[in-house]
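K.L.:
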Amino acid sequence: MQVATVMKQQHTDDSQALRTAISSWWDDGLRGDDKALDALLADIDAVRAQTHDYDRIGRCVRGESLETRDLLDAINERLDELPDSDRPKADNKADKVIPFPGHVMRQRRVWQGAVAASLFAAVTAVGLTLSSGERQKNQSVAPMQASGPTPNDRAVMASLNGNEVPEGASPISLQADLDPGNNLGGQLVTTSTAVGSAPKLPDWATGNTGRGTNPYVVTHYRLASPEFGTTGPEARAASFGRE
Amino acid sequence: MSAEETDKALVARARKGDRRAFDLLVLKHQHRVQRLIARYIRDPEQVFDLTQETFIKAYRALPRFRGDSAFYTWIYRIAVNTAKNQLASDARAGYMVSLNSGGSDESDEPMIEPEALRDASTPDALAAAEELRNAVDKSISELPEDLRTALTLREMEGLNYEEIAAVMDCPIGTVRSRIFRAREAIQKSIQPFKGG
Chain A
3 MQVATVMKQQ
13 HTDDSQALRT
23 AISSWWDDGL
33 RGDDKALDAL
43 LADIDAVRAQ
53 THDYDRIGRC
63 VRGESLETRD
73 LLDAINERLD
83 ELPDSDRPKA
93 DNKADKVIPF
103 PGHVMRQRRV
113 WQGAVAASLF
123 AAVTAVGLTL
133 SSGERQKNQS
143 VAPMQASGPT
153 PNDRAVMASL
163 NGNEVPEGAS
173 PISLQADLDP
183 GNNLGGQLVT
193 TSTAVGSAPK
203 LPDWATGNTG
213 RGTNPYVVTH
223 YRLASPEFGT
233 TGPEARAASF
243 GRE
Chain B
1004 MSAEETDKAL
1014 VARARKGDRR
1024 AFDLLVLKHQ
1034 HRVQRLIARY
1044 IRDPEQVFDL
1054 TQETFIKAYR
1064 ALPRFRGDSA
1074 FYTWIYRIAV
1084 NTAKNQLASD
1094 ARAGYMVSLN
1104 SGGSDESDEP
1114 MIEPEALRDA
1124 STPDALAAAE
1134 ELRNAVDKSI
1144 SELPEDLRTA
1154 LTLREMEGLN
1164 YEEIAAVMDC
1174 PIGTVRSRIF
1184 RAREAIQKSI
1194 QPFKGG
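Which chain is which? The protein sequence lines are A and B, in order.
Going by the working numbering, the first sequence wraps up at 245, each residue one higher than the last.
Going by the working numbering, the second sequence wraps up at 1199, each residue one higher than the last.
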């Protein structure tokens, strides 16, 4: 008998505590009380009945006329019809940005390809540089320099020096003597057949320099580099496309 | 734990798949959402439909709720947009609607006076509602002064417990207890009228 009374008292206290918690929660006054929130979650029906009354009381106090309806069942029915994809999952990671699994590996492969292409381009450029330098080193004159005076050169020299025009000279070359604006002041113009006496060209033009970069090859490399350089952007563009 | 924190705690649980947590959020906000939508939509049945739709949208969007704003702010925004979309849809369908809210999606200007939204069901239902109202009014008038004041400050003025405690010069726990007791007394008095 006494046990029953105690149990009844306990039940009444629990019920009273739950009702107080519901009232506080309804008024946004449930402060730091996770246990009270758990109690509410454990008895949704009690919360439902009580909040419906609370809404009516508040409506009467405020003099509002609109009769609202408890739509929880209707909402739950519609929620049950939602496909799984539209429902929050237990312990889902929706609030975290998870990269696509293959993303990192694919990005790494793209970069590896770009690095390999760049390395190949560099090796090719060095090879071109060395082979071009070697070939030009074997030539003792600049690429565009004639190995000796041409017949036209000799004709011009002869006319300037008053000698006979050699056979095979172009008539145009004789105009140099007739041109009044071409005043050389009687200076004797010599022609030379010796390769060693050719006008000295700078090293960068002859390709004879043993140190530093050959500008011809460098220029060529720079012209070629966009082709090699496209490997990177193409690869990146491809990666954007796949992502 | 403030109201926002309580709601956020419930949202966090709902996002983990706890449907009871979302039930609590529905129970807490459904009446206010209905009243808000009723300011835009005249037909009560449509108000109920759009309220359901609002909560369905909210449930589906829960993973995207960052908690930058309070949950009620977020769901009220969904409700207003849902109501305005319905108005626009009705307008396209040729219904006569008055878009007198300024036309801006950001505007929360009420379109219809809430008083015009009386649930025009059967005369019996209206009579029952009137009876209920009278019972509540009578019960409130019979409450002790301190209980009535606390309840009125809460329901009429919308003050929180701290503010009511300051006005009534009493501890917050006392305010909580007074409001609860007032509600209990009114609930008892309206038991015979319940059922509608």
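Virtual Cβ for every residue (Gly too), placed ideally from N, Cα, C.
Kindly list, in the order they appear in chain A, the residues whose Cβ is closer than 9 Å to that of Y1079(B).
P.N.:
The sequence position of residue 1079(B) within the second sequence is 76, counting from 1. Here the premise fails: no neighbours, minimum Cβ distance about 15 Å.
K.L.:
Using 10 angstroms around the beta-carbon of R1179(B), count the other beta-carbons present and answer buried if the total reaches 16, otherwise exposed.
P.N.:
Along the second sequence, one-based indexing puts residue 1179(B) at 176. The residue is buried, with at least 16 neighbouring Cβ atoms inside 10 Å.
K.L.:
Please state whether the Cβ-Cβ distance between L1156(B) and I1167(B) is less than 9 Å.
P.N.:
By 1-based counting over the second sequence, the position of residue 1156(B) is 153. By 1-based counting over the second sequence, the position of residue 1167(B) is 164. Yes.
K.L.:
Report yes or no: do the region 82-92 of chain A and the region 1042-1056 of chain B share at least 3 C-beta pairs separated by less than 8 Å?
P.N.:
Counting Cβ pairs under 8 Å, fewer than three are found: no touch.
K.L.:
Does the beta carbon of S1072(B) come closer than 9 Å to any beta carbon on chain A?
P.N.:
Your numbering for residue 1072(B) matches position 69 in the second sequence. Closer than 9 Å: no.
K.L.:
Would you call the CB atoms of D29(A) and I1182(B) closer than 9 Å?
P.N.:
Residue mapping note: residue 29(A) aligns to position 27 of the first sequence, counting from 1. Residue mapping note: residue 1182(B) aligns to position 179 of the second sequence, counting from 1. Cβ distance < 9 Å, so D29(A) and I1182(B) count as in contact.
K.L.:
Looking at the structure shown, is S1072(B) part of a helix, part of a strand, or coil, going by DSSP?
P.N.:
In the second sequence, the residue the question calls residue 1072(B) occupies position 69. In the structure shown, S1072(B) sits in coil (DSSP, three-state: anything other than H, G, I, E or B).
K.L.:
With DSSP as the reference, label Y1164(B) as helix, strand or coil.
P.N.:
As a position in the second sequence, residue 1164(B) is number 161, starting the count at 1. DSSP places Y1164(B) in helix when its eight states are reduced to three.
K.L.:
What are the boundary residues of the alpha helix (DSSP H) that T1009(B) is part of?
P.N.:
Against the second sequence, residue 1009(B) aligns to sequence position 6. T1009(B) -> alpha helix (DSSP H) spans 1006-1018.
K.L.:
Output, in chain order, the set of chain A residues within a Cβ distance shorter than 9 Å of R1045(B).
P.N.:
Sequence index remark: in the second sequence, residue 1045(B) carries index 42 (1-based). Here the premise fails: no neighbours, minimum Cβ distance about 11 Å.
K.L.:
Take every Cβ of the region 1022-1041 of chain B, pair it with every Cβ of the region 49-57 of chain A, and state whether three or more of those distances are shorter than 8 Å.
P.N.:
Touching, yes, given that three or more Cβ pairs across the two stretches are closer than 8 Å.
K.L.:
For L1206(B) versus V63(A), is the C-beta spacing smaller than 9 Å?
P.N.:
No statement about residue 1206(B) is possible, as the shown extent of chain B runs from 1004 to 1199 and does not include it.
K.L.:
Should L1248(B) and A1017(B) be called a contact, given that it needs their Cβ atoms to be closer than 9 Å?
P.N.:
The structure shown does not extend to residue 1248(B), since chain B spans only 1004 to 1199, so no value can be given for it.
K.L.:
How about L20(A): is its C-beta nearer than 9 Å to some C-beta of chain B?
P.N.:
Taking the first sequence and counting its residues from 1, the one referred to as residue 20(A) is at position 18. Taking Cβ atoms only, chain B never reaches closer than 9 Å to L20(A), which makes this a no.
K.L.:
Please decide whether W113(A) counts as near chain B, where near means a Cβ-Cβ distance under 9 Å.
P.N.:
Counted from its first residue, the first sequence places residue 113(A) at position 111. Cβ-Cβ to chain B under 9 Å: no for W113(A).
K.L.:
On the three-state DSSP scale, how would you describe K1197(B)?
P.N.:
Within the second sequence, numbered from 1, the residue matching residue 1197(B) stands at position 194. If DSSP states are grouped into helix, strand and coil, K1197(B) belongs with coil.
K.L.:
So, does the CB of S17(A) fall closer than 9 Å to a CB anywhere in chain B?
P.N.:
By one-based count along the first sequence, residue 17(A) stands at place 15. Not one chain B Cβ lies under 9 Å of S17(A).
K.L.:
I want to verify the contact list: residues of chain B whose CB lies under 7 Å from the CB of G129(A), in sequence order.
P.N.:
Residue numbering aside, residue 129(A) sits at position 127 when the first sequence is read from its first letter. Result: empty, since nearest Cβ-Cβ is about 56 Å, beyond 7 Å.
K.L.:
What residues of chain A sit near H1034(B), judged by a beta carbon separation below 7 Å?
P.N.:
As a working note, residue 1034(B) is residue 31 in the second sequence. Those within 7 Å of H1034(B) in chain A are D57, T70.
K.L.:
DSSP state of K95(A), grouped into three classes?
P.N.:
Taking the first sequence and counting its residues from 1, one reaches residue 95(A) at position 93. Low per-residue confidence applies at K95(A): pLDDT is 48, beneath 50, and the placement is therefore not dependable enough to give any value.
K.L.:
Assuming P151(A) is part of the alpha helix (DSSP H), what are its boundary residues?
P.N.:
Residue numbering aside, residue 151(A) sits at position 149 when the first sequence is read from its first letter. Counting along the chain, P151(A) falls outside any alpha helix (DSSP H), and DSSP gives it neither H nor E.
K.L.:
Check whether the region 1046-1064 of chain B touches the region 40-49 of chain A, counting contact only when three or more Cβ pairs, one atom from each stretch, lie closer than 8 Å.
P.N.:
The answer is no - the region 40-49 of chain A does not touch the region 1046-1064 of chain B, with fewer than three Cβ pairs under 8 Å.
K.L.:
Compute every distance between the C-beta of R1022(B) and the non-hydrogen atoms of the ligand HEM, then say whether any falls below 8 Å.
P.N.:
No copy of the ligand HEM appears in this structure; indeed no ligand is present at all.
K.L.:
Quick one: give me the first and last residue of the alpha helix (DSSP H) that T53(A) is part of.
P.N.:
Counted from its first residue, the first sequence places residue 53(A) at position 51. Note, T53(A): alpha helix (DSSP H), 46-64.
K.L.:
What does the Cβ neighbour count give for M1159(B), buried or exposed, with the cut at 16 atoms within 10 Å?
P.N.:
Position 156 of the second sequence, counted from the start, is the residue given in the question as residue 1159(B). Exposed, by the Cβ-count rule.
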